Amino acid sequence: MLQTPSGGAGPGAAAADSGLMSIGAVLNVLRDEFPDITISKIRFLESEGLVDPRRTPAGYRKFSAHDVERLGHVLRMQRDHYLPLKVIREHLDAMERGESVKLPALGRHRDGEAAPETSETPAAARIGRQELLAAAGIAEPQLDEWESYGLIAPLPDGAYDAEAVTVASLVVELGRFGIEPRHLRVMKAAADREAGLVDQVVAPLRRHRNPQTRAHAEARTKELAGLAVKLHAALVQTALGVRLP
């Protein structure tokens, strides 16, 4: 059995004895630890070879407990270690072959040591434009429109942060309720202001001469971002007079 990089039990444990699961059931299991997970992202990870569910004669996906556990490891390594999908796939495949492998540490190094050379971006997993279109189930004109509103933005080399899949999937879901991309500019503006506030708090840590202090800025940023997201959700729910499960 695969071991979680952070030492915790994978989310597949909850489904270990429940037999094969539909993609919707998998989504519910993973959401306990990964609230932003979507069906589109699960399909994208499948297309990238991270998981290989069975198919019924009608073509429906059926996931085993091992599949769910593996998805949990993939998402956890993206979230906690910022590893590209190619590296994650190679790492998990090696573990399943019984090889003794260490978790790659892209971009992480001790004081005075150079970061290991790699062709992958150490800061975050990335995907190409065509991969994003396929994962979100959208066409080029739609993505162009979303980019014009600032909802999604490519990196300098033309690739996208993997989180763009989540953004795109949510824009699609909101569109089903008649909320158009142009209506979402207010949300993007609010997110930018919140990010600016967090950045203002952690900026002194990032500029510090001590590498450990600079590294602490990353953890502080995640913590503040999580609190900001929770506060934003609470304020929206209070304004609407609803409570989400």
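Numbering (my numbering), first residue to last: 114 to 358. Think of the CB as a built atom: it goes at the ideal place given N, C-alpha and C, for glycine as much as any other residue. Predicted model, so just to flag it, every value in this text is computed and none were measured.
The straight-line gap separating the alpha-carbon atoms of H345 and D206 is approximately 39 Å. Remark: C-beta atoms of L140 and S177 do not approach each other more closely than 8 Å. Pairing G271 with R306 gives a Cβ-Cβ distance that is not under 8 Å. Contact between the segment 288 to 304 and the segment 314 to 324 is absent: fewer than three C-beta pairs spanning the two stretches fall below 8 Å. A distance below 8 Å separates the beta carbons of I136 and R174.
When only Cα atoms are considered, I251 and R210 end up about 36 Å apart. Distance from R202 to L163 at the Cβ level is roughly 6 Å; contact confirmed, criterion being Cβ atoms closer than 8 Å.
F157 sits in a helix when the DSSP states are folded into three classes. P197 sits close to R239, with the two beta carbons spaced by under 8 Å.
Your pair A281 and I265 checks out as a contact, with CB atoms roughly 6 Å apart and the cut at 8 Å. Our two residues, T169 and A338, have alpha carbons roughly 41 Å apart in a direct line.
Rounded to the nearest whole angstrom, the C-alpha separation of A330 and G309 is 14 Å.
In the displayed model, I240 falls within a strand according to three-state DSSP. DSSP, read as helix, strand or coil, puts D149 in coil.
S160 and R183 have their C-alpha atoms some 14 Å from each other.
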